[in-house]
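As C-alpha cells, the structure follows; a few thoughts come after it.
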Ligand SMILES: [Zn+2]
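Residue numbers (my numbering): 165 to 459.
If you want it as C-alpha cells, here you go:
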C-alpha cells in the first residue's frame, strides 16, 4: 500500500512545472528574471548573487554513515563548488556557513533577530493556510522527508528570510541523501542523485525548475538519477522542503541537490571520494554556466 502511494505521488510529481491552478502567488523567480539579472551583471549593473548552503551544521549534522557526517561532506563539496563558481566574475558567491560556522550576518537571524524570523514564519504559514482554504492553492505531498527539528527548521527559514532581504538570485542547497531502513549500519539499495525544486504553485518554482534542469543534464554526465521510486526523474518538485521555500517563503530560485546517497562506495571510500566530489562540483558549475548561456 505504501509503495502504491509512493508511485501515485511520483506520478503526480511529473506534472509539468508552471501549469498548475489559479495562481496564489506571484512569480518571484522565472528563467526570464534570472537571465535578466545575469545580463545586468555582465553589463556591470550589480552582481548575480548566489548563496551556497552546505546542508545542516555542527549542531544538527544531518545523516551519517560509518563515521562520515553529512554536514562535513556537504561543506567539502560546497567549498569546491564555490571555488569553481568564483571563476565567473559576474557572480557574487556567498556561503551560508564555512568551517568557521555560519556567516555572521545570517547568524543574526537565529539570535538577535530571532523574533522577526519567527514572525516571518507565522505570517507565511498563515497566508498559505488561507490560500488552501479558499482553494487558490492545492496541497501536494511528495517523497517523505525527515522533518527538521524546530531549531533546525528555524535556521532554514532564517536562511530564506536572509535570502529575501539580501536579494539573492539563486540559493543552492548541497546535501547527501539517506533513506529509512531497519539497520542503519548497512547501506540501502538506493543510489544516485535527486534535485528537489519548489512545487509549481510557488512563486520561485519556474526559475528553480529551469536551473534544476540544467544541473540535472550535467549531473547525468557524471552520475545517474536516484533509484528510489519517486526520485527516479532526477528532478522532483516538493511543496514541503523548507530549504526550497515551503509556504512560499523564498523569493530566489532554489534547488536542493542530494548528490548521492551517503553510504555509496564512491563517497565512503576515501580514495574515490575526492574525485567523486570534484566531478560533482564541476557538473554543478557547468550546469549553471549552461543555464546562464541559454537565451
Ligand atoms: Zn541533508
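The beta carbon of each residue, even a glycine, is placed where N, CA and C say it ideally should be.
Task: DSSP state of residue 456 mapped onto helix, strand, coil - done: In the three-state reduction of the DSSP assignment, residue 456 falls in the helix class, which pools H, G and I.
- [ ] Would you grab the beta carbon distance between residue 448 and residue 379 for me? Rounded to a whole angstrom, and I think it's under 8 Å.
- [x] With a beta-carbon spacing of about 6 Å, residue 448 and residue 379 fall inside the 8 Å limit used to define contacts.
Open item on the list: Please tell me whether, using a cut-off of 7 Å, the distance from the CB of residue 226 to the nearest non-hydrogen atom of ligand 1 is below it.
Closed with: Flag set: Cβ of residue 226 near ligand 1.
TODO: State yes or no: is the C-beta of residue 234 nearer than 7 Å to some heavy atom of ligand 1?
DONE: Set against 7 Å, the gap from the CB of residue 234 to the closest heavy atom of ligand 1 is smaller.
Task: Three-state class that DSSP yields for residue 424 in the structure shown - done: Note: residue 424 maps to strand in three-state DSSP.
TODO: Indicate the three-state DSSP secondary structure (helix, strand or coil) for residue 185 in the structure shown.
DONE: Caution applies to residue 185, whose pLDDT of 43 falls short of 50 and renders its modelled position unreliable; the model cannot decide the point.
Task: Close beta carbons around residue 191, own chain, < 7 Å, minus the five adjacent residues each side - done: Around residue 191: 367 and 370.
Open item on the list: Let's see if you can read the secondary structure: which residues bound the beta strand (DSSP E) around residue 275?
Closed with: It is not in any beta strand (DSSP E) - residue 275 carries neither H nor E in the DSSP assignment.
Task: Reduced DSSP category for residue 361 - H, G, I as helix; E, B as strand; rest coil - done: If DSSP states are grouped into helix, strand and coil, residue 361 belongs with the strands.
Task: Separation of residue 408 from residue 321, as counted between CA atoms - done: Looking at the two C-alpha atoms, the distance is approximately 10 Å.
Open item on the list: Whether or not the region 259-277 and the region 203-223 are in contact is what I'm after, with contact meaning three or more pairs of Cβ atoms, one per stretch, closer than 8 Å; do they touch?
Closed with: Touching, yes.
- [ ] Check whether the Cβ of residue 309 lies closer than 7 Å to any heavy atom of ligand 1, and answer yes or no.
- [x] Checking every heavy atom of ligand 1 against the Cβ of residue 309, none is found closer than 7 Å.
- [ ] Could you tell me if the beta carbon of residue 356 falls within a distance shorter than 7 Å of some heavy atom in ligand 1?
- [x] For residue 356, the shortest C-beta to heavy atom distance toward ligand 1 is 7 Å or greater.
- [ ] Please indicate yes or no: does the CB of residue 398 lie closer than 7 Å to some heavy atom of ligand 1?
- [x] For ligand 1, not one heavy atom lies less than 7 Å from the Cβ of residue 398.
- [ ] Please confirm whether residue 202 and residue 238 have their CB atoms less than 8 Å apart.
- [x] In this structure, residue 238 does not lie closer than 8 Å to residue 202 by Cβ.
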